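Q:
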Amino acid sequence: MKRLHVHLAVEDLEKNIAFYSAVFASEPVVRKSNYAKWELEDPRVNFAVSTRAGSPGLDHLGVQADSAGELGEIESRLAGVDAPVTEQTGTSCCYARSDKYWIQDPQGIAWESFHTLDSIPTFTEAGTACGRPDADAPAPEAGCCVPEKGQ
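This note's numbering puts the first residue of the sequence shown at 14, with every later residue one more than the last.
1. In its own chain, which residues sit with a C-beta less than 8 Å from the C-beta of Val42, not counting the 5 before and 5 after it?
2. Check whether the region 125-137 touches the region 100-112, taking contact to mean three or more Cβ pairs, one atom from each stretch, closer than 8 Å.
3. Where do the N-terminal and C-terminal ends of the alpha helix (DSSP H) with Val36 fall, by residue?
4. Do you know whose CA, among His18, Ala35, Val36, lies nearest Asn59's CA?
5. Expressed to the nearest angstrom, what Euclidean distance is found between the alpha-carbon atoms of Asn47 and Val36?
6. On the DSSP bridge assignment, give the partners of Ser126 in chain order.
7. With distances taken from CA atoms, which of Gln120, Arg90, Ser80 is nearest Thr129?
8. Here's a check: name, in chain order, each residue in its chain whose Cβ is nearer than 8 Å to the Cβ of Ala109, leaving out the five neighbours to either side.
9. Hey, Trp115 and Thr99: beta-carbon distance below 8 Å or not?
10. Measure how close the beta-carbons of Leu74 and Ile122 come, nearest whole angstrom, since I'm counting them as under 8 Å.
11. Just to confirm before moving on: does the CB-CB distance between Ala96 and Gln77 stay below 8 Å?
12. How far does the beta strand (DSSP E) with Glu100 in it reach, from first residue to last?
13. Leaving out five residues on either side along the sequence, give the residues of the same chain with a beta carbon under 7 Å from the beta carbon of Gly93.
14. In three-state DSSP terms, what is Pro63?
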């Protein structure tokens, strides 16, 4: 079996163990004084690259739900984390229309939880980008609608 490996450098291990255990609904399989590891069977990986972000590097991480029900379960877990959650309903980004929840980990790395509703022919659409209800709102110039750090 192949598995995507993501390793994040963190400042406060215990705070991050609590955060990611809540997000993943799972405790680490390895836990040391300076290290923790989760080997997750769920979620599967959706890996994407784009030239839309402001600078190269990690833009955000995320979990794609297969249904609205699964997204609701993820949102319930996020609600239990000590961090603000940003909801975007019917937003357009990355050639798709999706319902999303955004949260930031203790380092400020954005996590996107989403359920794709439909595909669209453009990266974003005016009026639906970033969950804005205003039909006249322009599509954003940059990439996905990642909330600013600290929001």
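Even for Gly, the Cβ is constructed at its ideal location relative to N, Cα and C. None of the values given here were measured: they were computed from a predicted structure.
A: On the basis of the data shown:
1. Residue numbering aside, residue 42 sits at position 29 when the sequence shown is read from its first letter. Taken in chain order, the residues that qualify are Lys50, Trp51, Glu52.
2. yes
3. Start at 1 with the first residue of the sequence shown, and residue 36 comes out as number 23. Per DSSP, Val36 belongs to the alpha helix (DSSP H) from 26-37.
4. Position 46 of the sequence shown, counted from the first residue, corresponds to residue 59. Among His18, Ala35, Val36, the Cα nearest to that of Asn59 is on His18.
5. Start at 1 with the first residue of the sequence shown, and residue 47 comes out as number 34. Start at 1 with the first residue of the sequence shown, and residue 36 comes out as number 23. Taking the straight line joining both Cα atoms gives about 20 Å.
6. For the purposes of this step, residue 126 is taken as the residue at position 113 of the sequence shown. BP columns for Ser126 point to Val76, Tyr114.
7. Here residue 129 refers to the residue found at position 116 of the sequence shown. The shortest C-alpha separation from Thr129 is found at Ser80.
8. Taking the sequence shown and counting its residues from 1, the one referred to as residue 109 is at position 96. Cβ neighbours of Ala109 beyond the five flanking positions: Thr129, Leu130, Asp131, Ser132, Ile133.
9. For the purposes of this step, residue 115 is identified with residue 102 of the sequence shown, where counting begins at 1. For the purposes of this step, residue 99 is identified with residue 86 of the sequence shown, where counting begins at 1. Cβ atoms of Trp115 and Thr99: closer than 8 Å.
10. Residue 74 sits at position 61 when you count from the first residue of the sequence shown. Residue 122 sits at position 109 when you count from the first residue of the sequence shown. Yes, they are in contact, since the Cβ atoms of Leu74 and Ile122 sit about 6 Å apart, within 8 Å.
11. The residue labelled residue 96 in the question sits at position 83 within the sequence shown. The residue labelled residue 77 in the question sits at position 64 within the sequence shown. Cβ distance not < 8 Å, so Ala96 and Gln77 don't count as in contact.
12. Within the sequence shown, the letter at position 87 stands for residue 100. Where Glu100 is concerned, the enclosing beta strand (DSSP E) stretches over 99-106.
13. Numbered from its first residue, the sequence shown carries residue 93 at position 80. For Gly93, where only same-chain residues beyond five positions count, the Cβ hits under 7 Å are Ala35.
14. For the purposes of this step, residue 63 is identified with residue 50 of the sequence shown, where counting begins at 1. According to the sequence shown, residue 63 is Ser rather than Pro. Ser63: coil per DSSP, three-state reduction.
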